[in-house]
Structures are given as C-alpha cells and as structure tokens.
Amino acid sequence: MRARVALAWVFLTLAVGVPAVAQEPAVPPAGLAAEAAGDWERAIAVYRDVAADSGRADLWVRISRIEATRNHPAEALAAIERAIELEPDDVAHLRARAELASWAGDYEAADDSFRRIGERTGEPAADLGRARIAAWRGRTGPSIEHYHAYLRAVPEDSVATIELVRQETWRGNARAALGLLDDYRERFGETVDYRIERGRALMTGGRPRAAVEILTPLVAERPDDYEARLVLTLALSDAGRRTDAVGSAEALASIDAANPRTAEVRAYVMAPIRSMVRPRYEYYDDSDDVRHHLYGVEAAVALSPRARVVAEATITDVSSEPGSGLEPLDGDETVREAGGDAGVVVGLEGAGELEGRIGGLRVEDADADLLTWLAAARLTPTDFVWITLSSQRDFMDVSARSLDLGIERTAGRAFLQVSPAIGWTIVGGGSRESYSDDNGRWEARIAASFGVLRRQLVNIDLGAASRWLWFDENTDSGYYDPEWYRQHLGVVSTYWKLDDQAGLSLRGAVGAFEDDEVDSWERSLEAAAEATIGITTDWTLIARGAWMDNVRSVTGAFNAFGAGVYLTRRF
30 MRARVALAWV FLTLAVGVPA VAQEPAVPPA GLAAEAAGDW ERAIAVYRDV AADSGRADLW
90 VRISRIEATR NHPAEALAAI ERAIELEPDD VAHLRARAEL ASWAGDYEAA DDSFRRIGER
150 TGEPAADLGR ARIAAWRGRT GPSIEHYHAY LRAVPEDSVA TIELVRQETW RGNARAALGL
210 LDDYRERFGE TVDYRIERGR ALMTGGRPRA AVEILTPLVA ERPDDYEARL VLTLALSDAG
270 RRTDAVGSAE ALASIDAANP RTAEVRAYVM APIRSMVRPR YEYYDDSDDV RHHLYGVEAA
330 VALSPRARVV AEATITDVSS EPGSGLEPLD GDETVREAGG DAGVVVGLEG AGELEGRIGG
390 LRVEDADADL LTWLAAARLT PTDFVWITLS SQRDFMDVSA RSLDLGIERT AGRAFLQVSP
450 AIGWTIVGGG SRESYSDDNG RWEARIAASF GVLRRQLVNI DLGAASRWLW FDENTDSGYY
510 DPEWYRQHLG VVSTYWKLDD QAGLSLRGAV GAFEDDEVDS WERSLEAAAE ATIGITTDWT
570 LIARGAWMDN VRSVTGAFNA FGAGVYLTRR F
C-alpha cells in the first residue's frame, strides 16, 4: 500500500506540479543543488527557510515530494497541509493531500480532501475516493452511500461495482449484494471477482453449499488466489465440512501465512472442533418462589475434525417455599439433583451431526436414581433446511416437589427450520413428554422471522411466534399442567456487533396467552439478552439473562427471571 501510494504521489507531482511551479518564482538554486546531490535534509532546510519568509506554496509542495520520496508519509502530509493553508482552493494540493493522508492513515484528512475536491470540481471520482476511505475505516454505511453516488455518474466502472458489493456483504446485507451481482453479471459477465464475491455473499446469506459450488472450481483454476481460497475455507466451515475446511485453511497458509486474515480464518475454522472445558452456572427464580441453582462443567476432547468425545457433570439445587404447593413433601425447602453423562458427537461432513450420551442422575435424600440418555440427529440436507430429532430421559426438575417425587421424564422432540429465501426463517417443532406419574404433555411451536435491517453494527429481525401445550392430566405433582395453553407473540430480535470477537443479542416479545384456567387472553411479555466475548479465541465468555411476565409455561408463574454464565477454555 505504501509503495503504491508513494509511486502515485511521484507521478502526481510530476503531472500537476511542474506547470504550477513554472508560474512561481524560481526555485532556490541551493535547494536544487542539494536535491541533485541527494542531500534531502539540506534541500528541505533551504526550501523551508525561503517558504517561511515568502509564503510560497510551491516550496511546501517540493518539501512534501521529497518527504514522500524518503518514505516519510506523515512529514509529507504536514508539508502539503502548509501548502493548502496558503492556497486552500488549489485542487492539485487537495488531491496530493488525499493520497498522502490515505498513506499516513489519517482517514479524516483524506475524506475531507475528497469532499473539498467534490465541492470545487463536481468530479464523480471524489465520491469514489470518499467511498474507499470509508471502507478502509470500516464504515460500511457511508462507504455504500458514496459508492452509489459515484456509480450513478459512472455506471460502467466494474471495479467500483465489485467494491460496493463487498461492502454490502461485509455489513451482512447478502440480499442487496446478490442483487448487485445479478446486475453486474448482465453487464460485465462472470469474472473472477464476480465469482469470489458471489460466493462470499451466498455464504453470508446462509447458503454455504452454494458458495462452495461456485468457489471450488475457481480455486482449482487459480490455486494461488488468496481471496478465493479464503472465502472457500469459510464456506466449507459453515457448510459443516470440517475436514475439508481444515485442509483448506492449511492451503491458505501456504499462500500467505503472514497475512493476519490467515490466522483469523484458521481460528474461525478450528473454534467449533477444538477440545474444550466449559464451567457454567445457571440461576432461575419466579413469583411462585421456585429457585434453581445449577453448577456444571462440560468438556469435549477432539478425536478428529469430525468426531469428539463429550461429557458433563452437574449439581442442581431446586428450592420451593413451604406452603406453595411446590415444596418437597417432607417439608424441606431444597432438593439436590446430581449426575453426569458422557458420549460422542460425530459429524456427517456437511450433512449434519449425530450425538449420543448416556449417564445417570441421583436425587439426594429421595432414594431416586435414574439411567439417563440423549440421542440426537441434527441434519442439514440442504442450505435452507435444518432438521433436529432427539430423544432424552431425565428427572422432571421444574420444582422441588417434582424432583422430590422422582418423576421421570422421557421426551421426544422434532424440529424443522426452513429458510425459503435469504433473510427469511420459518421454524416449526413439536414434542411429546411422558412422565412416570402417568401424565404427559404435547407441545407445538411455530415461528417466522424476516431480516428487516442489516447494517455494519446491528441486525434487526421482525417476526411472530406461537406455542400450544396440552397435558393428559391435571396433577398435584409440582408442575404447571393445564388441559390446554396457547400463546401468540410478536418478536423483535437484534444483534449488536461490538467488535470482531464480541457481540450482544437482544430479543423482545409481546403478545397474549390463555389457558383453561383463565377466562380471557392475558398479557404476555418476554425479554432476553446474551453477550458473547471472545467468539473464536482461546477463551469465550457468554452471559445470558431472560425475564418473562405472564408466561405460564412450566410452573404457572406470573413472572420469572433466569440467568447463566458460561466460560469456555479451548485447547
């Protein structure tokens, strides 16, 4: 970058500086002699003394040129600033300032230069300069605005069009990027840049397999193309092709190991498959005075990019106030559940993964032991369909009474997520839970959401969700079991990107519910937040919190609060 800008500056001064100098008084001979002898310090001193006395802008231009030749961008910029102070309307000086400020990393000065050039000349290139400066500063919004302004005047610029596409993709607006690429293909054809950026946009839009189909032949044609390999590596990882993604990350390093993005891509690929330990704490409290304290630790040992051994141990203290009807039968307030399990997770290389666990739980002082299991298949037959099937056995631990009674729960669940178009998500699911107290529950859920805003720092989705419950019996076993329950919500979900390794997600929902115990629809509110720090680093911290009001989901509580902290150490 520095060499390119320095060379451009030399050509620029030769092109526009010579005629300007010809109209000024003669250049001091002592300075010219020092330049000819390569004595740059002497030449600068001579020009500086004369310029200070005479106010000659052309000498500050010569000083700036010398400093640029010496690879001193900050000093060159300072000199051209002096020239602009003397001749503020000189467009040649402003162009030189724009180049030098970009080189020196003073993007505010560079943007100001292009702004002033545009005001004085009306040149579309000024918008292009501002667009690129904003992109270098990581400000995709202003960058996109200036790219659009430039391309309205110069629509035939294919390079700027691709740069605009890249900005839309970087801020997560895959729909806009793909629309621009469709237009680009009609006008310029399927160039190398088109194929790379289409792959990047498809991956960003949740279509990694489609991205792999485009990028694999391109990488075969151009094995040393760093950008094509980089995007392919990310797409392979997102597609769940872990082994291929690791190999592609190694190939990327062979092209340019020193590039900082190489390490970032490798961290992204390896984070989901590294061995790890994750201690966690979860808390729950509701208006029926039911409280949970869960202490646990999870671990995973990577056997290969496709398989890992997993294990977990937990202790859960569940408390309910005496007299609430949810307390243990013997009158105590707290019941403790302890146990653990172990198993294996096997990836299906792009088709999903399978998980199996087996373990045991014990309810202390209740003479209750249980063999537990979990079997799950998480399948991804296409880019836009996700299926989860699972079966699980554990204790019903929603209150101290249900846990004290040792009620066993066997659950079967099915979940389907479909993305019919980029930005749209439709989710449906159902479950059947059978309890050892001869009761059981059916549940059904459906939700749909649409991405209404994609910006550099924030994404916003709007949607709706509905839920239905049916219980076989109404018991006195310490859990909410209405004959029927239904809830409908409008949902707003946001994600705030704090930086490349940290983010905050917020969810709010408002709606209504009713069940067989209330006469009419009642208000239903939900709010949740999750902060993540260190997304792909050795250490990851996740903190969650949720609040619910009038959500009679499990205990029948009027309102409830839950929180959790999870600390992951990867090896």
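Here our numbering runs 29 ahead of the position in the sequence shown, where the first position is 1.
For every residue, glycine included, the Cβ atom is placed at its ideal position computed from N, Cα and C.
Give a yes or no on whether the C-beta atoms belonging to residue i and residue j are separated by under 8 Å.
i, j, result
"Ala130", "Ala139", "yes"
"Thr401", "Gly381", "no"
"Ala112", "Ala105", "no"
"Ile564", "Gln530", "yes"
"Val520", "Ser478", "yes"
"Leu265", "Asp253", "no"
"Trp525", "Leu486", "yes"
"Glu197", "Ala205", "yes"
"Leu210", "Val194", "yes"
"Thr169", "Ala203", "no"
"Ala558", "Ser534", "yes"
"Arg474", "Arg496", "yes"
"Glu226", "Ile191", "yes"
"Leu408", "Arg386", "no"
"His322", "Asp361", "no"
"Pro357", "Asp433", "yes"
"Ala268", "Arg238", "yes"
Using the C-alpha atoms, what's the distance from residue j back to residue i?
i, j, result
"Gln52", "Asn100", "Per-residue confidence for Gln52 stands at a pLDDT of 49, beneath the threshold of 50, marking its modelled position as unreliable; the derived number appears in the next sentence. Roughly 28 Å separates the two Cα atoms."
"Thr597", "Gly452", "30 Å"
"Asp68", "Ala80", "18 Å"
"Asp314", "Ala127", "59 Å"
"Ala125", "Ala108", "11 Å"
"His593", "Pro246", "According to the sequence provided, residue 593 is Gly. The question's His does not apply to it. Cα to Cα, Gly593 sits roughly 45 Å from Pro246."
"Ala240", "Arg200", "18 Å"
"Pro631", "Asp285", "Because residue 631 is not part of the residues shown, which for the chain are 30 to 600, the question remains open."
"Ala589", "Ser506", "20 Å"
"Glu293", "Pro301", "14 Å"
"Asp135", "Arg161", "13 Å"
"Arg159", "Tyr223", "23 Å"
"Val50", "Asp87", "The pLDDT assigned to Val50 is 39, lower than 50, so where the model puts this residue is not dependable; a value taken from the coordinates is nonetheless given after this. Near 6 Å, if we compare the C-alpha coordinates of Asp87 and Val50."
"Ala429", "Ala395", "11 Å"
"Asp82", "Ala65", "24 Å"
"Ala342", "Phe600", "20 Å"
"Tyr312", "Ile344", "12 Å"
"Ala406", "Gly459", "15 Å"
"Ala16", "Leu231", "Nothing in the structure corresponds to residue 16, since the chain is present only between 30 and 600."
"Gly532", "Trp132", "31 Å"
"His175", "Ile489", "24 Å"
"Thr561", "Arg85", "56 Å"
"Leu518", "Asp501", "25 Å"
"Gly435", "Val319", "17 Å"
"Ala494", "Phe424", "28 Å"
"Gly369", "Val339", "11 Å"
What are the partner residues of residue i, as DSSP defines its beta bridges?
i, result
"His322", "Tyr312 and Asp346"
"Asp433", "Answer by DSSP bridge pairing: none, since Asp433 is not bridged."
"Trp471", "Arg461 and Trp499"
"Glu546", "None; Glu546 has no bridge partner."
"Asn488", "Arg483 and Tyr524"
"Met577", "Glu555 and Ala589"
"Trp415", "Gln446"
"Asp423", "Arg438"
"Ala493", "Ala477 and Gly519"
Kindly indicate the opening and closing residues of the alpha helix (DSSP H) around residue i.
i, result
"Leu123", "Val120 to Ala133"
"Thr150", "Tyr136 to Thr150"
"Ser283", "Arg271 to Asp285"
"Gln196", "Ser187 to Trp199"
"Phe217", "Ala203 to Phe217"
"Tyr83", "First, the residue type needs correcting, since residue 83 is Ser and not Tyr in the sequence shown. Counting along the chain, the alpha helix (DSSP H) containing Ser83 begins and ends at Trp69 to Ser83."
"Ile162", "Pro153 to Trp165"
"Val221", "Val221 to Thr233"
"Glu666", "For the chain, the structure presents residues 30 to 600; residue 666 sits outside this window and is missing."
"Arg258", "Tyr255 to Asp267"
"Gly60", "Pro58 to Ala65"
"Pro246", "Pro237 to Glu250"
How close, in whole Å, do the beta carbons of residue i and residue j come, if the pair is a contact with beta carbons under 8 Å?
i, j, result
"Asp544", "Tyr514", "4 Å"
"Asp3", "Asn468", "This structure does not reach residue 3, given that the chain is present from 30 up to 600, and the question cannot be answered."
"Leu261", "Ser277", "6 Å"
Considering residue i, what are the terminal residues of the beta strand (DSSP E) in which it resides?
i, result
"Asp528", "Trp513 to Asp528"
"Leu596", "Asn588 to Arg599"
"Ser304", "Here Ser304 belongs to no beta strand (DSSP E), and DSSP marks it neither H nor E."
"Glu366", "Thr363 to Gly376"
"Arg407", "Ala397 to Thr411"
"Val392", "Gly381 to Val392"
Quick check: is any heavy atom of the ligand SAH less than 7 Å from the C-beta of residue i?
i, result
"Phe587", "You won't find the ligand SAH in this model; it holds no ligand whatsoever."
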